[in-house]
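S.K.:
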Amino acid sequence: MSKSTTPSLWQRLMATQNARITFILAWVVITSYLVVATPRQLAFGLATQAVFILFAGSVLWLYYLQIPNALKVVIGFLVLGVLIPVFGGLNQYYLEVATQVCIFSALALGLNIVVGFAGLLDLGYVAFYLVGAYTWAIFGSPQAQKFIPPELLKFPLAQEFFFPFFFLATFLAALTGIMLGLPVLRVRGDYLAVVTLGFGELLRVVANNLDKPVNITNGPQGITPIQRPPLFFRSWFEGFGTALHGASTGLPLGLDKVFGGIGSWMENANPAQLYPIYFYFLVLLVIAIVIFVSRRVSDSRIGRAWEAVREDEDAAVAMGIPIVTTKLAAFATGASFAGAMGMLFAAKQVFINPESFTFLESIGVLAMVIVGGMGSIPGVVLGATALTVLNLQILPNISLALNSIRQAGYVIPVINYNLAQLPSQFEPAKYQRMVFGLVLIVMMLVRPEGLLPAKRRRVEIHQDKEVEAIV
Amino acid sequence: MLLYVAGTVFILSALVLILGFIFRDIRTDFNLLERVWLILPQVAVDGISAGFVYAMIALGYTMVYGVLEFINFAHSEIFMVGAFIGAEVLLIMNSAGVLGAVHPLILLLLILLFGMLGSGGLAVTVERIAYRPLRGAPRLVPLISAIGVSLFLQDAVRFFEGIWRNEFYLTYPTIKFFEQRIILSSTIDFSVKSIIVILGAILMLVILNYFVNATKIGTAIRAVAQDRATASLMGIDVNQIIVLTFFIGGAMGGAAGVLFGLQYNTINPFTGFIPGLKAFTAAVLGGIGNISGAMLGGIVLGIMEAYGASYLSIFTSGAFGAEYKDILAFSILIIILIFRPAGLLGQVVREKA
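Protein sequences, first through last, are from chains A and B.
Here this note's numbering is used: the first residue of the first sequence is 1, the next is one more, and so on.
Here this note's numbering is used: the first residue of the second sequence is 1001, the next is one more, and so on.
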């Protein structure tokens, strides 16, 4: 309730700008060193994840510390644009984690516009992701040939079509959002949740069954191979590598080896090495756009309208806010980001099938928004990072650890229990639903506003409770 | 209730027969009209039994919605747990070797009782842990908590069955009496169990109807649903009524689960999801919060779905199969929401702020 007026030790330490800059730089340098130096297999790989999370934490510090904006941009670029790809070159695993985290962050940020800003609970968000993914998957693969005669057009379309289709996928997803929104947005919020859920399932069932009478989606077998985007920058990349290699000769302090190594790697990179970095940057670009749009929009007329609708629909109508248009705008904006990410996902995976678009995916993304804090951009990114790493890295690794304990057959002394008897059902990685379910329940009971709540949201949730308690 | 059933079956049968007559020339390999006519009784019985199961699940949604204005998202899992309890009781009796010794009808009563008690108890527990502390929070908060409960229960059952039986797909043991078929003619016969499912469901619904409309506690439930604050001023313990509502809804869901398991034999921890969604659709179709509406909605939806699933592939020469029945249900949901958000029997209620 009351804030202490005497500054804490932390506040005093961070009082000057120089201290803050030194802190963030030291954080980046130390954690980078740890990332490079930690052996991969330490503690079943959990140590690697821990240091990488610490390293990624520098982005969060960067967001919150008060340092000049230009410096923030420079350090942010250094961390996200240089160091992570370099670590990815050292160990592919880091880039994979970073890309997955970014994909889910982008999805969660898109959903955040719908759920967090406009307060419309969408349980079928994955439907728009599906629309984006299938748009490119059908036409960027030989699949389209099955219903379009070859005399008319040859498929797969050339890689160059990736970028026009990127806009098309975004547009189609937005259109789907509007088409879904038109009938259901007039009904109240909890109906909307179930209808969107039904819609998500409906699109999945359609994708699963539209292999007859005309084979459009190839049904449960899925579509492969899907074209990847063109490597238009490859010659520049190689040229830059050659230049870096040449310039690095004669540098002191072993820097020649570091830059020379990077340079020669860049010179000789093959598509298999380039695509992970490429997709990472594409996803990062989408995230940058989502964050930019989210921030700009939340302070704009439409953003305020969303907030008003979220708080009190009747009052908003009385103030002259066109309610259906406002809600549709939220739906379309959120959907379009999902469509863009879906297309990137299809191109990255080269293969998609309806199984990638289940209800559980929608819930996973929703859980990210809720854990982080609805309406709060850093919160949502934090939630996406935490849950993605938990889901894709920590749980599988615990399972691995349990497996090796089981194989070792250690006997717990006092109760005389041989760990080899541990049932094979004891595998946390198999129980994503339980994990997501517990996360949702516990968050709602303990901290409904999320880990890093938007300021207004925190006030609202607690205020509502107090008011209800009085009534 | 019987009027609803008879009416829906009559209208839909007439419709498919007319369609069969109109399109009788599109199939040359067999006589379309005759095929339509021959499978009609079987389709009707399937539809009616599915419809009653939906109706029973829908009651759980509608009753809780009536008193709390809250969609109990975990209700589909409460239904699923009921099916599992029924299967477990039968499987345990089977392995103890007493299954054959007990009269099938006593067996049926026994699994219904266990299923209802288990599911009802689970519903009350869930309410106590995950919903009650959130009463009064913004709408989305308990809804999200309910989604969490739903996911949690799916995996909890999977985990438990995985440890206990080392697999989570359970099959109901066959009971000879239920598998017998009543033969009406050389082409028309029903299994005894679909008749039992229908009769069991009708019995439950009649008892519930009597309980809600003619007893004192039922009146209290209806009073709380109408206006919680006023009801509490009239000396009704609102919390108790809410717990009771969850128990009754859960018990109906559990009974539906047991009947569903008997009818379809194989169950798994995710069986609840689609029937749950359909039952919600049924509740909306009938007018959510309205008890006889839920019954109507369930019956209509089940019958429509059975007709759709069976006749779609006949009429389209197999191009669109039975898989599209899920799409039918969701399309109905969306259409109802556009044209009559209050449902068939509901009246238009203004949203409470």
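Using N, Cα and C, we set each Cβ at its ideal position, and we do this for glycine too.
Start and end of the beta strand (DSSP E) containing B/Ile1163?
M.R.: Along the second sequence, read from residue 1 onward, the residue named residue 1163 of chain B stands at position 163. Premise fails: B/Ile1163 lies in the alpha helix (DSSP H), Leu1140 to Arg1165, not in any beta strand (DSSP E).
S.K.: Determine the direct distance from the alpha carbon of B/Phe1190 to that of B/Thr1316, and round the result to whole angstroms.
M.R.: Translated into the one-based positions of the second sequence, residue 1316 of chain B becomes position 316. Translated into the one-based positions of the second sequence, residue 1190 of chain B becomes position 190. In a straight line, the C-alpha of B/Thr1316 is about 26 Å away from that of B/Phe1190.
S.K.: Hey, is the stretch 226-239 of chain A in contact with the stretch 202-214 of chain A, meaning 3+ C-beta pairs nearer than 8 Å?
M.R.: No contact exists between the stretch 226-239 of chain A and the stretch 202-214 of chain A.
S.K.: Could you check which residue in B/Val1036, B/Val1009, B/Leu1208 and B/Pro1275 has the C-alpha nearest to that of B/Ile1022?
M.R.: Indexing the second sequence from 1 puts residue 1022 of chain B at position 22. When only C-alpha atoms are compared, the closest one is B/Val1036.
S.K.: By the three-class DSSP mapping on this structure, what secondary structure does A/Met14 have?
M.R.: Taking the first residue of the first sequence as position 1, residue 14 of chain A is located at position 14. Reduced to three states, the DSSP call for A/Met14 is coil.
S.K.: Going by beta carbon distance, what residues of the same chain come within less than 7 Å of A/Leu121, once the five residues before and after it are set aside?
M.R.: For the purposes of this step, residue 121 of chain A is taken as the residue at position 121 of the first sequence. Around A/Leu121: Val115, Gly189, Leu192 and Ala193.
S.K.: Can you check the stretch 1192-1222 of chain B for any alpha helix (DSSP H) of at least 4 residues that lies completely inside it and give the ranges in chain order?
M.R.: Within the stretch 1192-1222 of chain B, the complete alpha helix (DSSP H) runs of at least 4 residues are 1192-1214.
S.K.: Would you mind sorting A/Val414 into buried or exposed? The rule is 16 or more other CB atoms within 10 Å of its CB.
M.R.: Taking the first residue of the first sequence as 1, we reach residue 414 of chain A at position 414. Exposed, since its Cβ has fewer than 16 Cβ neighbours within 10 Å.
S.K.: Which value, in whole angstroms, describes the spacing of the CA atoms of B/Ser1049 and B/Ser1194?
M.R.: In the second sequence, counting from the first residue as 1, residue 1049 of chain B sits at position 49. In the second sequence, counting from the first residue as 1, residue 1194 of chain B sits at position 194. Distance between the alpha carbons of B/Ser1049 and B/Ser1194 is about 6 Å.
S.K.: Roughly how many angstroms separate the alpha carbons of B/Ile1288 and A/Leu445, rounded to a whole number?
M.R.: Indexing the second sequence from 1 puts residue 1288 of chain B at position 288. Indexing the first sequence from 1 puts residue 445 of chain A at position 445. The straight-line gap from Cα to Cα measures roughly 27 Å.
S.K.: Using a Cβ-Cβ distance under 9 Å, would A/Glu355 count as near chain B?
M.R.: Walking along the first sequence from the start, residue 355 of chain A turns up at place 355. By this cut-off, A/Glu355 is not an interface position.
S.K.: Using DSSP bridges, identify the partner residues of B/Thr1171.
M.R.: Residue numbering aside, residue 1171 of chain B sits at position 171 when the second sequence is read from its first letter. B/Thr1171 pairs with B/Thr1266.
S.K.: Under the rule that 16 or more other beta-carbon atoms within 10 Å means buried, what is B/Gly1148, buried or exposed?
M.R.: Taking the second sequence and counting its residues from 1, the one referred to as residue 1148 of chain B is at position 148. Its Cβ being crowded by 16 or more others within 10 Å, B/Gly1148 is buried.
S.K.: Using only alpha-carbon positions, find the residue among A/Ala318, A/Pro156, A/Leu284 and A/Ala329 that is nearest to A/Ser298.
M.R.: On the first sequence, residue 298 of chain A is found 298 positions in, with the first residue counted as 1. For A/Ser298, the nearest C-alpha among the options comes from A/Ala329.
S.K.: Is there a Cβ from chain A that is less than 9 Å from the Cβ of B/Ala1353?
M.R.: Taking the first residue of the second sequence as 1, we reach residue 1353 of chain B at position 353. Confidence at B/Ala1353 is low in this model, with a pLDDT of 35, below 50, so the placement of that residue should be treated as unreliable; the coordinate-derived value is given next. Closer than 9 Å to some Cβ of chain A, the Cβ of B/Ala1353 qualifies, so yes.
S.K.: Identify whether A/Val214 lies in helix, strand or coil by the three-state DSSP scheme.
M.R.: For the purposes of this step, residue 214 of chain A is taken as the residue at position 214 of the first sequence. In this structure, A/Val214 counts as coil in the three-state DSSP scheme.
S.K.: Write down every uninterrupted run of the alpha helix (DSSP H) in the stretch 142-175 of chain A whose length is 4 residues or greater and which is fully enclosed by it, in chain order.
M.R.: If we require 4 residues or more, the stretch 142-175 of chain A turns out to have no alpha helix (DSSP H) run fully inside it.
S.K.: Identify which residue in B/Leu1019, B/Asn1213 and B/Lys1278 has its Cα closest to the Cα of B/Leu1032.
M.R.: Here the question's residue 1032 of chain B lines up with position 32 in the second sequence. Ranking the options by Cα distance to B/Leu1032, first place goes to B/Leu1019.
S.K.: Taking only beta-carbon atoms, is A/Leu282 less than 9 Å away from chain B?
M.R.: Counted from its first residue, the first sequence places residue 282 of chain A at position 282. Answer no: the Cβ-Cβ gap between A/Leu282 and chain B never drops below 9 Å.
S.K.: Measure the C-alpha to C-alpha separation of B/Met1116 and B/Ile1241 and round it to an integer number of angstroms.
M.R.: For this step, residue 1116 of chain B is matched to residue 116 along the second sequence. For this step, residue 1241 of chain B is matched to residue 241 along the second sequence. For B/Met1116 and B/Ile1241, the distance between alpha carbons rounds to 18 Å.
S.K.: How would you label B/Trp1164, buried or exposed, when you count the other beta carbons within 10 angstroms and need 16 or more for buried?
M.R.: Indexing the second sequence from 1 puts residue 1164 of chain B at position 164. Classification of B/Trp1164: exposed, given that the 10 Å Cβ count is below 16.
S.K.: Using a Cβ cut-off of 9 Å (strictly closer), state whether B/Ala1306 contacts chain A.
M.R.: Position 306 of the second sequence, counting from 1, holds the residue named residue 1306 of chain B. By this cut-off, B/Ala1306 is not an interface position.
S.K.: Taking 9 Å as the CB-CB cut-off, is B/Ala1156 touching chain A?
M.R.: Mapped onto the second sequence, residue 1156 of chain B falls at position 156. It does: the Cβ of B/Ala1156 has a partner Cβ on chain A nearer than 9 Å.
S.K.: Could you tell me whether the Cβ of B/Ile1338 comes closer than 9 Å to any Cβ of chain A?
M.R.: To locate residue 1338 of chain B, count along the second sequence from 1; it is residue 338. Yes, its Cβ sits closer than 9 Å to a Cβ of chain A.
S.K.: Determine, using beta carbons only, whether B/Gly1148 comes closer than 9 Å to chain A.
M.R.: Residue mapping note: residue 1148 of chain B aligns to position 148 of the second sequence, counting from 1. It does: the Cβ of B/Gly1148 has a partner Cβ on chain A nearer than 9 Å.
S.K.: Would the beta-carbon of B/Glu1323 be found less than 8 Å away from any heavy atom of the ligand ZN?
M.R.: Only the bare structure without any ligand can be found here, which leaves the ligand ZN out of the picture.
S.K.: Could you tell me which chain B residues have their CB closer than 9 Å to the CB of A/Asn209, listed as they occur along the chain?
M.R.: Within the first sequence, numbered from 1, the residue matching residue 209 of chain A stands at position 209. Within chain B, the residues near A/Asn209 are Phe1320, Gly1321, Glu1323, Tyr1324 and Ile1327.
S.K.: In the structure shown, what three-state DSSP assignment does B/Phe1070 receive?
M.R.: The count along the second sequence starts at 1 and reaches residue 1070 of chain B at position 70. Note: B/Phe1070 maps to coil in three-state DSSP.
S.K.: So is B/Lys1352 buried or exposed if we call it buried at 16+ other beta carbons inside 10 Å?
M.R.: Counting from 1 along the second sequence, the entry for residue 1352 of chain B is found at position 352. The predicted model places B/Lys1352 with a pLDDT of 41, which falls under 50 and marks its position as unreliable, so this point remains unresolved.
S.K.: Could you list which residues in chain B have their beta carbon closer than 8 Å to that of A/Gly383, in chain order?
M.R.: Against the first sequence, residue 383 of chain A aligns to sequence position 383. The premise fails here: A/Gly383 is roughly 13 Å from chain B at the closest Cβ pair, so nothing lies under 8 Å.
S.K.: Please say whether A/Ile363 and A/Leu440 have beta carbons closer to each other than 9 Å?
M.R.: Position 440 of the first sequence, counting from 1, holds the residue named residue 440 of chain A. Position 363 of the first sequence, counting from 1, holds the residue named residue 363 of chain A. Going by C-beta atoms, A/Leu440 is nearer than 9 Å to A/Ile363.
S.K.: Taking only the alpha-carbon atoms, compute the straight-line gap between A/Leu71 and A/Tyr64 and give it to the nearest angstrom.
M.R.: Against the first sequence, residue 71 of chain A aligns to sequence position 71. Against the first sequence, residue 64 of chain A aligns to sequence position 64. Distance between the alpha carbons of A/Leu71 and A/Tyr64: 13 Å.
S.K.: Output needed in chain order: residues of the stretch 1134-1148 of chain B with a Cβ under 7 Å from some Cβ in chain A.
M.R.: Here the close residues are Leu1134, Gly1136, Ala1137, Pro1138, Arg1139, Leu1140, Val1141, Leu1143, Ile1144, Ser1145, Ile1147 and Gly1148.
S.K.: Are the C-beta atoms of B/Thr1245 and some chain A residue less than 9 Å apart?
M.R.: Translated into positions along the second sequence, residue 1245 of chain B becomes position 245. B/Thr1245 does not count as touching chain A.
S.K.: Does any C-beta atom of chain A lie closer than 9 Å to the C-beta of B/Phe1152?
M.R.: In the second sequence, the residue the question calls residue 1152 of chain B occupies position 152. True, the Cβ-Cβ gap to chain A drops below 9 Å.
S.K.: Along the chain, which unbroken stretches of the alpha helix (DSSP H) at least 4 residues long are found entirely within the stretch 342-426 of chain A?
M.R.: Runs of the alpha helix (DSSP H) inside the stretch 342-426 of chain A: 359-372, 377-389 and 395-408.
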